[in-house]
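Novice: Below: one structure in structure tokens.
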Amino acid sequence: MTGASTQSPIKPGMLVRLRRRLWRVEGFDGKVLTATPVDDFGASPQDFILDLEDVKPGTMPDPTLNELGRIPLQRLFLQAARLDALHGTAPFLAIQRTAVIPVEYQLVPLVMAMQQDPVRLLIADTTGLGKTVEAGLIMCELIARSRARSILVITPANLREQWREQMRDLFYLGFDIISSDTRKRLERLIPPGADPWTFFERLIVSIDYAKDIKVRNEILKRKWDLVVVDEAHNACAPHNFTGRKADMERYQFLEQLAQKASKHLLLLTATPHNGYTDSFSSLLQMLSPSIVRGSGPELAPIREKAIYHVCQRTRKDVAAWFKEANLPNPFPDREPAGSTEVGVELHKEYLKSLEKLDAIMKMVGLHARGHKDVNAVEWLRLHLFRRALSSPEALRVSLENRINNLRSEFRELVTEVNSETLFNAVLDKGGTDAESEEDVDRHADLIFFSVEKKIQLKDFQELLAELKKFSAAKDRKLATLRDKVIPELMARASDVTPARIILFTRFKDTLTYLEKDLSKSTDYQVFTLHGDLSEAVRDKVFEQFAQSKAAVLIATDVISEGLNLQSTSAMVVHYDIPWNPNRLEQRVGRVDRFGQQAPIVYVRTIYCRDTTDEDVMALLVRKLETIREDQGFCPPFFVSEQTVLDRLVRRSKKRREPAGPSLFDDVTPEDEEFFGNAKLIAADGFYGQSHVRIRDVSERLREAHAKFGSPEQVQQFIRSSLGYFGSTLQPQPDGTLRILIPNPRLRIPGVGEQTKAVMTPEEKTKHPDAIVLDVGHPLIRRLIAVVREHTFQDTNEGARTAAYHVKGASKSMLIGQGLLRATAKTSPPTLLEEIVVFGISVGIDGEHPLQKAEVVEMLESEPSPQVVDRAIALEDLQALFQSPVFQQTRESAKEAAKQELFAYRHDRKTELLEVSEDTTWLEGFDDIEEVGFDLHTLTLIMPEAR
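Numbering (this note's numbering), first residue to last: 1 to 946.
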């Protein structure tokens, strides 16, 4: 078997001898052999170039028959073998190896993914349903089935760290972030001349770094096994396939990646439809050109085909799912929209400052009329007024930035008009590899128009002087928050509703301003979170906030996406209003999501009356709430972003007229666009539509538990195994466990001799510094490896052979347990494994095969305390093992397992033929070939001596 050959006998699942070790073949492409060492359980697969290796067939020896091992260890080993096997008749392989306990509805995308090859899915569940968990489960399943190794996650820049954390903490998958800042560090870790895009198997990259032409070409050189795109709506085609340069670059990059450089593709977004059918359909086209019709502006979905590639559900859909299953609705309620609004009348002195700001901007506008971008002045005005309505401090910082820029004697220090910067600042579109939202705001502050600098400088200095005289004691918005909103929410706290409020602000300057004032309170603690904090500091803040009795967490929108805080808080306050409605819903979605224990989520939106705040409430916030109630989902910009700005500009101009805006100003043709687009989104979407039924998912989950063990059985295995090897679990007053790990064989990097632990992911949210003791955690993977290694020792310390008495047994029985290794003749071949259990009984009437149910029943019986006579037991064990009846039963059990594999795969193939668009991947799906069998253990069960 040395060197490559066209008729190579190497097949996945077979055992081979290579470099003086026994290996299991994971895959073989004719040149490169991928294998895992059998004597190093838990080791990662390694690649070998066949021409350079001496590869020979290998077999695992049967258990030795001259030693008896320990029954407790043998039972632990058999459970470990169940957890490690690639069960050929298990619908899911990865669930037990993650730190998540998915609910049935979260398995629907996984079921859909297992019906495809390649997997091409749009997961478009609304905020709070767990899209990251759904994508992670698919990712782990593809890895477990050897269908994916190289993985690229593409995400907005501000979500890169969160993705790395969640993949690490929930799925035990290590990812490297590659960016302009980290690339040099990654290159130092690889051989000289190597390419990080091809060297590292799992990478996370921001969409804006990836779309750069040079970086794009590097990414496209590799064919990725799996690409995951978060917030995929950012990369859909602009309406009519024309738009801003950055938007077109994102779309063109992702289109090329989808078509040329990715096998499996997952697109994640809660808002896939921006109100334009062609833009929405461009995402579907990336999944498969065959599920859309037309081209360009006429692009549209073919619904009967696309339904198999889209999972899109609202909370109403999932609630109906739970009702069908006779389960309680797992989501909290919200208060009526009207009770969540808190209007504030600004102090007259502050209103005068805003009037002066308005006059300054009017002067700037008059002098800049000839500018090529006529909207830029109004956008700058809106930016400064947003800052002013957030807090006097935010406006003060902006004025100081402008004054310092105007004082500059050097032209290159003055920022020329950049409408893209203003556009991003006003519509909350900041945050890339190169700049944060704070950077975007700072650049917007410095925008310079060709207006007499001395006049601007004088006016802004006078306004700043006035503003410095305005004390926080006169800030009615701050007073309303401190004296009304916070006390009212704290009064609603209960045993299930913690007295912990998350207070969002768009601007870091406002955060600092609020912290200074609110920290004076002795009724609650105050914590802050913003984008400048490191991951370690942020985790510490979260932990302190989660453990506090009463607290306010003041945060910028750095935590408005991706984080799950439903176990920590049920109260959200918007201190200022995002002009991107998607951002508003994402903020609330941190706590208003599956797993929230509080019956009601409390939201308060503070706004300044008779200002642009009121315009935004009418234009966006209230309409958004109406659509959410009517349709069950929150659309993104359900009108064009330009429409939003145009209307705000028009309203702000009206507000400056003597008569001001009237009631009828709210009734415009644009209202038809608002609600018309929302209806179009619902009509084009796939909300609540799925060919996957709840009972199908529930049945698959039961099948998985039957193969691997239920969560309770797995936890018992973990506790027993840790105890067997000398570790102790000590309950702590805070509900956690303290693990003591004196055995050096269980030591792994990152886990000390004494470690805080919890048993479930839900408990982890309350104790971020604890580890979750589940099968996927490296400590437990190491524990499983130690159990298996210990079992295979050829002494009585091992456990491949064992004997014990059972009270009430009338005959002696020899039970064997092993692993059948087989392949399905797909392209490439699919590795399948199945646990095989068989046995015979011996009595005065001779030897007879046992039925599988009899074997299982005897294995579950408790050993009696009667001491086993070692010599007699070994003599009986040797005789029964060599019995022709036992060997025939062994062969029959292997054939039965093979037939069970065929029946399962044949039934699955029949199902898949009905739902699969391309059925070529199903060729050979149920053509099963045995490649080996490993006899793991022999167990002699004897009647009690009389």
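Beta carbons: idealized from backbone N, C-alpha and C, even for Gly. Being a predicted model, the structure only gives us computed values, none of them experimental.
(1) Compare the C-beta of Gly589 against all C-beta atoms of chain B and say whether one is closer than 8 Å.
(2) Less than 6 Å between C-beta atoms, sequence neighbours within five positions excluded: which residues of the same chain meet that for Arg700?
(3) Using alpha carbons as the reference points, say which of Pro289, Ser295 and Glu298 lies closest to Ala306.
(4) Tell me the residue span of the alpha helix (DSSP H) that contains Gly136.
(5) How big is the Cα-Cα spacing for Leu457 and Leu478?
(6) Work out the CA separation of Ile815 and Glu891 for me, nearest whole Å.
(7) Within this structure, are the beta carbons of Arg870 and Gly69 separated by less than 8 Å?
(8) Any idea which residues DSSP pairs Cys311 with across the strands?
(9) Does the Cβ of Arg747 have 16 or more other Cβ atoms within 10 Å, making it buried, or fewer, making it exposed?
(10) Which residues bound the alpha helix (DSSP H) around Ala258?
(11) Which one of Asp117, Glu355, Trp163 and Gly174 has the shortest CA to CA distance from Asp610?
(12) Less than 6 Å between C-beta atoms, sequence neighbours within five positions excluded: which residues of the same chain meet that for Ser947?
(13) The alpha helix (DSSP H) spanning Tyr804 covers which residue range?
(14) Please report the distance separating the alpha-carbon of Ala319 from that of Asn582.
(15) Just confirm the distance between the C-beta atoms of Cys311 and Asp125, as a whole number of angstroms; I'd bet it's less than 8 Å.
(16) Please check the pair Ile554 and Val344, which I expect to be a contact at CB under 8 Å, by giving their CB distance rounded to whole angstroms.
(17) Would you report the Cα separation of Leu859 and Gln713, rounded to the nearest angstrom?
(18) So what does DSSP say about Glu703, is it helix, strand or coil?
(19) So, do the stretch 870 to 890 and the stretch 911 to 928 have three or more beta carbon pairs nearer to each other than 8 Å?
(20) Asp176 bridges to which residues according to DSSP?
(21) Using the three-state DSSP reduction, which class does Phe881 fall into: helix, strand or coil?
(22) Here's a check: name, in chain order, each residue in its chain whose Cβ is nearer than 6 Å to the Cβ of Arg334, leaving out the five neighbours to either side.
(23) Which value, in whole angstroms, describes the spacing of the CA atoms of Asp961 and Arg482?
(24) With distances taken between CB atoms, is the gap from Leu78 to Leu877 smaller than 8 Å?
(25) Determine the direct distance from the alpha carbon of His383 to that of Gly243, and round the result to whole angstroms.
(26) What's the C-alpha gap between Leu83 and Asp774?
(27) Quick check on Ile968: buried or exposed, where buried means 16 or more other Cβ atoms within 10 Å of its Cβ?
(28) Using a Cβ-Cβ cut-off of 6 Å (strictly less than) and excluding sequence neighbours within five positions of Leu203, which residues of its own chain qualify?
(29) So what does DSSP say about Pro849, is it helix, strand or coil?
(30) With a threshold of 6 Å on Cβ separation, who are the neighbours of His805 within its own chain once the five nearest residues in sequence on each side are excluded?
(31) In the DSSP output, what is Ser812 paired with across the bridge?
(32) Measure the C-alpha to C-alpha separation of Phe708 and Lys31 and round it to an integer number of angstroms.
(33) What residue does the alpha helix (DSSP H) around Gly723 start on, and which one ends it?
(34) In terms of residue numbering, what span does the beta strand (DSSP E) encompassing Asp47 cover?
(35) Measuring CA to CA, which of Lys894, Gly808, Pro884 and Asp475 is closest to Arg821?
(36) For Cys608, write down the residues that DSSP places opposite it in a beta bridge.
Specialist: The short version:
(1) In the structure shown, chain B cannot be found, because there is only a single protein chain.
(2) Within the sequence shown, the letter at position 700 stands for residue 700. If the five residues before and after Arg700 are omitted, its C-beta is found closer than 6 Å to the C-beta atoms of Pro91, all from its own chain and listed in chain order.
(3) What you label residue 306 is simply residue 306 of the sequence shown in a count that begins at 1. The shortest C-alpha separation from Ala306 is found at Pro289.
(4) For the purposes of this step, residue 136 is identified with residue 136 of the sequence shown, where counting begins at 1. Secondary structure note for Gly136: its alpha helix (DSSP H) is the uninterrupted segment Lys131 to Ala144.
(5) Counting from one through the sequence shown, the residue named residue 457 turns up at place 457. Counting from one through the sequence shown, the residue named residue 478 turns up at place 478. Computed Cα separation, rounded: 29 Å.
(6) Reading the sequence shown from its first residue, position 891 is the one you call residue 891. Reading the sequence shown from its first residue, position 815 is the one you call residue 815. Distance between the alpha carbons of Glu891 and Ile815 is about 14 Å.
(7) By 1-based counting over the sequence shown, the position of residue 870 is 870. By 1-based counting over the sequence shown, the position of residue 69 is 69. Taking 8 Å as the Cβ cut-off, Arg870 and Gly69 do not qualify as a contacting pair.
(8) Taking the sequence shown and counting its residues from 1, the one referred to as residue 311 is at position 311. Bridge partners of Cys311: Ile123.
(9) For the purposes of this step, residue 747 is taken as the residue at position 747 of the sequence shown. Arg747 should be labelled exposed.
(10) Translated into positions along the sequence shown, residue 258 becomes position 258. Start and end: Lys245 to Lys260.
(11) The count along the sequence shown starts at 1 and reaches residue 610 at position 610. It is Glu355.
(12) Beyond the ends of the chain as shown, which are 1 and 946, falls residue 947; an answer cannot be given.
(13) In the sequence shown, residue 804 corresponds to position 804, counting from 1. Element bounds for Tyr804: not the alpha helix (DSSP H) but the beta strand (DSSP E), Thr801 to Val806.
(14) Position 319 of the sequence shown holds residue 319. Position 582 of the sequence shown holds residue 582. Whole-angstrom Cα-Cα distance: 22 Å.
(15) On the sequence shown, residue 311 is found 311 positions in, with the first residue counted as 1. On the sequence shown, residue 125 is found 125 positions in, with the first residue counted as 1. That belief holds up - the Cβ atoms of Cys311 and Asp125 are roughly 7 Å apart, short of 8 Å.
(16) The residue you call residue 554 lines up with position 554 of the sequence shown. The residue you call residue 344 lines up with position 344 of the sequence shown. The Cβ separation is near 18 Å, so there is no contact.
(17) What you label residue 859 is simply residue 859 of the sequence shown in a count that begins at 1. What you label residue 713 is simply residue 713 of the sequence shown in a count that begins at 1. Each residue's Cα considered, the two are about 15 Å apart.
(18) Taking the first residue of the sequence shown as position 1, residue 703 is located at position 703. Secondary structure of Glu703 (DSSP, three-state): helix.
(19) For the pair of segments examined, the stretch 870 to 890 was found not to touch the stretch 911 to 928: the number of CB pairs separated by less than 8 Å stays below three.
(20) Taking the sequence shown and counting its residues from 1, one reaches residue 176 at position 176. Asp176 pairs with Leu203.
(21) By 1-based counting over the sequence shown, the position of residue 881 is 881. The answer is helix: DSSP assigns Phe881 an H, G or I state.
(22) Residue 334 sits at position 334 when you count from the first residue of the sequence shown. Excluding residues within five positions, the ones whose Cβ falls inside 6 Å are Val601.
(23) The structure shown does not extend to residue 961, since the chain is modelled only from 1 to 946, so the question has no answer here.
(24) For the purposes of this step, residue 78 is taken as the residue at position 78 of the sequence shown. For the purposes of this step, residue 877 is taken as the residue at position 877 of the sequence shown. No, these two residues do not count as a Cβ contact at 8 Å.
(25) Numbered from its first residue, the sequence shown carries residue 243 at position 243. Numbered from its first residue, the sequence shown carries residue 383 at position 383. Rounded to the nearest angstrom, the two C-alpha atoms are 23 Å apart.
(26) In the sequence shown, residue 83 corresponds to position 83, counting from 1. In the sequence shown, residue 774 corresponds to position 774, counting from 1. When rounded, the distance between both Cα atoms is 11 Å.
(27) Given a span of 1 to 946 for the chain in the structure shown, any question on residue 968 remains unanswerable.
(28) Against the sequence shown, residue 203 aligns to sequence position 203. Closer than 6 Å at Cβ, skipping near neighbours: Leu152, Asp176 and Ile178.
(29) As a first step, residue 849 is located in the sequence shown; it is residue number 849 there, counting from the start. Residue state, collapsed to three classes: strand.
(30) The residue given as residue 805 occupies position 805 in the sequence shown. Around His805: Ser864, Gln866, Met942 and Glu944.
(31) Indexing the sequence shown from 1 puts residue 812 at position 812. Partner(s): Val842.
(32) Sequence index remark: in the sequence shown, residue 708 carries index 708 (1-based). Sequence index remark: in the sequence shown, residue 31 carries index 31 (1-based). CA-CA distance, Phe708 to Lys31, rounds to 34 Å.
(33) In the sequence shown, counting from the first residue as 1, residue 723 sits at position 723. Pro711 to Tyr724 is the span of the alpha helix (DSSP H), which, as asked, contains Gly723.
(34) For this step, residue 47 is matched to residue 47 along the sequence shown. Counting along the chain, Asp47 sits inside the beta strand (DSSP E) bounded by residues Gln46 to Ile49.
(35) Residue mapping note: residue 821 aligns to position 821 of the sequence shown, counting from 1. Closest by alpha carbon: Lys894.
(36) Your numbering for residue 608 matches position 608 in the sequence shown. Its beta-bridge partners are Val344.
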